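I have placed the structure first, in the form of structure tokens, so that the comments after it can refer back to it.
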Amino acid sequence: MSAMTSLAGPGRALRRVLAALAMVFVSVAALAQAPATADPIRLRVVGGLADVSQYTRFEEPFWRNRLAELTGGKVTAEIAPFDRAGFRAQQMLQLMRLGVVPFGTALLAVVATDEPEFATADLTGLNPDMASLRQTIELFRPRLRERLLADYSVELLAVYTYPAQVIWCNRAFSGLSDMAGRRVRVSSVGQAEFFAALGATPVVIPFAEIVGAIRSGVVACAVTGTLSGMAIGLQQVTTHISPIALNWGVSVFGANVAAWEAVPEADRAIIRAGLADLEAAIWEGAERETGDGIACATGQPSCQGAVRGHLTLVPAAPSDEARRRALLTDTVLPAWVSRCGSDCVESWNHYMAPTLGLTARE
388 MSAMTSLAGP
398 GRALRRVLAA
408 LAMVFVSVAA
418 LAQAPATADP
428 IRLRVVGGLA
438 DVSQYTRFEE
448 PFWRNRLAEL
458 TGGKVTAEIA
468 PFDRAGFRAQ
478 QMLQLMRLGV
488 VPFGTALLAV
498 VATDEPEFAT
508 ADLTGLNPDM
518 ASLRQTIELF
528 RPRLRERLLA
538 DYSVELLAVY
548 TYPAQVIWCN
558 RAFSGLSDMA
568 GRRVRVSSVG
578 QAEFFAALGA
588 TPVVIPFAEI
598 VGAIRSGVVA
608 CAVTGTLSGM
618 AIGLQQVTTH
628 ISPIALNWGV
638 SVFGANVAAW
648 EAVPEADRAI
658 IRAGLADLEA
668 AIWEGAERET
678 GDGIACATGQ
688 PSCQGAVRGH
698 LTLVPAAPSD
708 EARRRALLTD
718 TVLPAWVSRC
728 GSDCVESWNH
738 YMAPTLGLTA
748 RE
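Per my numbering, the very first residue in the sequence shown carries number 388; after that it's consecutive.
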């Protein structure tokens, strides 16, 4: 009996060990089949200009808050405006191509210094109103997507616009013809060519330095956005403002292809849909703020802002519209073609000319 007992003991012990191991294997299998709790994907985003509403009211809230809501917390982002991110705006597309900026915003008028074709849809004088701008952007969007992907490995995700850029002056003027002899702040080559053709002296000055330049007499007039001009206090150093839209400040938002494809496909679809809504909101805001900027600068009751100016509104005359069109046809477009070359002529005539009725020629 003792021998049988001694043999039975080890058998029971072995069965207990095997049972315990079986429980371990079941637990491991269950863990393997359970969905993993992955850390959230965190995107690094470079947005638009700091302190203007496109960034503060639209871009920043979308990336800091809305993105996490849309993805159920699976994707979050940190964002900084491009003029405070430590990068030169002219280099944004190259930085995106290298992946240094995985997700970024490029102002087309700035990058067009090196790549003139990117100025196509916002040539100075091309879009006198928001309806015109919407049309030209939709005409050119396929070409933008193609160029960004082929030459910069950037996936186009959205196209934004700032409010209309108009003329502010520190003494009276009656229209475009009165720009002759004045020094005018501009922000692009196209604007410089436009004002030079009017007999003015264009001076390139950074946005943040406009008020000081007018106050010190470096320039007598400035071209900049309606509401953004109010934001920097331009109404304190000027007396007259024109509602004619010379440019809008179009920018593209895109992603380095490798960074974009690293995001799960389902999340990419959610981000695309969210960005489509963001783009629409930015455009609606730009149109609203164009009018509100004029209303606030001139002290109208319809002004929605806390700050109002007392500028005189210079109504656009029929002669101004004729002059704008002539300058676009005879000066701006030919000068752009000379910088851009035959490929741009072909692109313009394919995407733009059939609808706009304006043919580019070398």
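For glycine and all other residues, C-beta sits at the position ideal for the given N, C-alpha and C.
All values derive from a computational prediction rather than experimental measurement.
For serine 561, name the three-state secondary structure that DSSP assigns. On the sequence shown, position 174 is the one that residue 561 refers to. Look at serine 561 here: in three-state DSSP terms it is coil, with no helix or strand label.
Taking the beta carbon of glycine 486 as the centre, do at least 16 other beta carbons fall within 10 Å, making it buried, or is it exposed? Numbered from 1 along the sequence shown, position 99 holds the residue referred to as residue 486. It counts as exposed.
CB-CB length for arginine 748 against valine 732, believed under 8 Å: Residue 748 sits at position 361 when you count from the first residue of the sequence shown. Residue 732 sits at position 345 when you count from the first residue of the sequence shown. About 7 Å separates the two Cβ atoms, so the contact holds.
Ordered along the chain, which non-local residues of its own chain (more than five positions away) have a Cβ less than 7 Å from that of threonine 625? Position 238 of the sequence shown, counted from the first residue, corresponds to residue 625. So the list reads Trp555, Cys556, Asn557, Ile601 and Leu698, once near-sequence residues are dropped.
Taking the Cβ atom as the reference point for each residue, do alanine 506 and isoleucine 524 lie within a distance shorter than 7 Å? As a working note, residue 506 is residue 119 in the sequence shown. As a working note, residue 524 is residue 137 in the sequence shown. Not a contact, by the Cβ cut-off of 7 Å.
For asparagine 643, count neighbouring C-beta atoms within 10 Å of its own C-beta (all shown protein chains included) and say buried if the count is 16 or more, exposed if not. Numbered from its first residue, the sequence shown carries residue 643 at position 256. Buried.
Starting from arginine 429, trace the beta strand (DSSP E) both ways and give me its first and last residue. On the sequence shown, residue 429 is found 42 positions in, with the first residue counted as 1. Arginine 429 -> beta strand (DSSP E) spans 428-434.
Can you tell me the Cβ-Cβ gap for glycine 435 and proline 489, rounded? I've got them flagged as a contact below 8 Å. By 1-based counting over the sequence shown, the position of residue 435 is 48. By 1-based counting over the sequence shown, the position of residue 489 is 102. Incorrect: roughly 16 Å between the Cβ atoms, too far for contact.
Is DSSP giving tryptophan 635 helix, strand or coil here? Position 248 of the sequence shown, counted from the first residue, corresponds to residue 635. Tryptophan 635: coil per DSSP, three-state reduction.
Give the DSSP-derived three-state secondary structure of phenylalanine 445 in the structure shown. Along the sequence shown, one-based indexing puts residue 445 at 58. Note: phenylalanine 445 maps to helix in three-state DSSP.
Going by the DSSP bridge assignment, what does phenylalanine 490 pair with across the sheet? The count along the sequence shown starts at 1 and reaches residue 490 at position 103. According to DSSP, which records beta bridges pairwise, phenylalanine 490 is partnered with Val432 and Ala642.
Per DSSP, the bridge partner or partners of isoleucine 466: As a working note, residue 466 is residue 79 in the sequence shown. Paired residue(s): Val432.
Can you name the start and end residues of the alpha helix (DSSP H) that threonine 613 belongs to? Within the sequence shown, residue 613 is the residue found at index 226, counting from 1. Counting along the chain, the alpha helix (DSSP H) containing threonine 613 begins and ends at 613-618.
Hey, how far is the Cα of tryptophan 670 from the Cα of leucine 480? As a working note, residue 670 is residue 283 in the sequence shown. As a working note, residue 480 is residue 93 in the sequence shown. Straight-line Cα distance between these residues: approximately 22 Å.
Reduced DSSP secondary structure (H/G/I, E/B, other) of histidine 627: On the sequence shown, position 240 is the one that residue 627 refers to. It is a strand residue.
Can you tell me which of the three DSSP states alanine 390 falls into? Within the sequence shown, residue 390 is the residue found at index 3, counting from 1. Caution is warranted here: a pLDDT of 36 is assigned to alanine 390, below 50, making its placement in the model unreliable, and the coordinate value is therefore given only provisionally. If DSSP states are grouped into helix, strand and coil, alanine 390 belongs with the helices.
Checking 7 Å against the spacing of the C-beta atoms, do valine 639 and alanine 493 come in under that value? To locate residue 639, count along the sequence shown from 1; it is residue 252. To locate residue 493, count along the sequence shown from 1; it is residue 106. Yes.
By alpha-carbon positions, which one of Gly459, Thr458, Gly460 and Ala464 ends up nearest to proline 448? Sequence index remark: in the sequence shown, residue 448 carries index 61 (1-based). Proline 448 has its Cα closest to that of Ala464, out of Gly459, Thr458, Gly460 and Ala464.
Please report the residue range of the beta strand (DSSP E) in which proline 589 lies. Numbered from its first residue, the sequence shown carries residue 589 at position 202. Boundaries of the beta strand (DSSP E) around proline 589: 588-591.
Among Cys608, Ala656, Phe594 and Ala595, the one whose alpha carbon lies nearest that of alanine 587: Counting from 1 along the sequence shown, the entry for residue 587 is found at position 200. Of the candidates Cys608, Ala656, Phe594 and Ala595, the one whose C-alpha sits nearest the C-alpha of alanine 587 is Cys608.
Report buried or exposed for glycine 568, applying the criterion of at least 16 other Cβ atoms within 10 angstroms of its Cβ. For this step, residue 568 is matched to residue 181 along the sequence shown. Counting Cβ neighbours within 10 Å, glycine 568 comes out exposed, since fewer than 16 surround it.
Residue from Gly491, Ala551, Tyr549 and Asp707 whose Cα sits closest to the Cα of leucine 535: Sequence index remark: in the sequence shown, residue 535 carries index 148 (1-based). When each option's Cα is compared against that of leucine 535, the closest is Gly491.
Looking at C-beta atoms only, is the number of pairs between the region 531-545 and the region 577-596 that lie closer than 8 Å three or more? Here the region 531-545 makes no contact with the region 577-596; the two share fewer than three CB pairs at distances below 8 Å.
Three-way DSSP call (helix, strand, coil) for valine 606 in this model: To locate residue 606, count along the sequence shown from 1; it is residue 219. In this structure, valine 606 counts as coil in the three-state DSSP scheme.
Here's a check: name, in chain order, each residue in its chain whose Cβ is nearer than 6 Å to the Cβ of leucine 457, leaving out the five neighbours to either side. Position 70 of the sequence shown, counting from 1, holds the residue named residue 457. Cβ within range, chain order: Ile657 and Gly661.
Between alanine 395 and the rest of its own chain, which residues show a CB-CB distance below 6 Å, the 5 nearest in sequence each way excluded? What you label residue 395 is simply residue 8 of the sequence shown in a count that begins at 1. Unreliable positioning characterises alanine 395 in this predicted model, as indicated by a pLDDT of 39, which lies under 50. A coordinate reading is not provided.
So, using beta-carbon positions, are valine 439 and aspartate 654 closer together than 7 Å? The count along the sequence shown starts at 1 and reaches residue 439 at position 52. The count along the sequence shown starts at 1 and reaches residue 654 at position 267. The criterion of a C-beta distance shorter than 7 Å is not satisfied by valine 439 and aspartate 654.
Asparagine 514 burial status per 10 Å Cβ neighbour count (16 or more: buried): Locating residue 514 in the sequence shown gives position 127, where the first residue counts as 1. By the 10 Å Cβ count, asparagine 514 comes out buried.
If distances are taken between C-alpha atoms only, which option among Gln622, Gly577 and Ala545 comes closest to threonine 500? Against the sequence shown, residue 500 aligns to sequence position 113. If we check each option's Cα against that of threonine 500, Gly577 comes out closest.
Just how far apart, CA to CA, sit methionine 592 and glycine 512? Residue mapping note: residue 592 aligns to position 205 of the sequence shown, counting from 1. Residue mapping note: residue 512 aligns to position 125 of the sequence shown, counting from 1. What sits at residue 592 in the sequence shown is isoleucine, not methionine. Going by the C-alpha atoms only, they are around 20 Å apart.
Opposing strand residues paired with isoleucine 554 [DSSP bridges]: Position 167 of the sequence shown, counting from 1, holds the residue named residue 554. DSSP, once it has assigned bridges, lists Val610 as partnering isoleucine 554.
Please report the distance separating the alpha-carbon of glycine 620 from that of threonine 613. For the purposes of this step, residue 620 is identified with residue 233 of the sequence shown, where counting begins at 1. For the purposes of this step, residue 613 is identified with residue 226 of the sequence shown, where counting begins at 1. Annotation: glycine 620 to threonine 613 spans about 11 Å, alpha carbon to alpha carbon.
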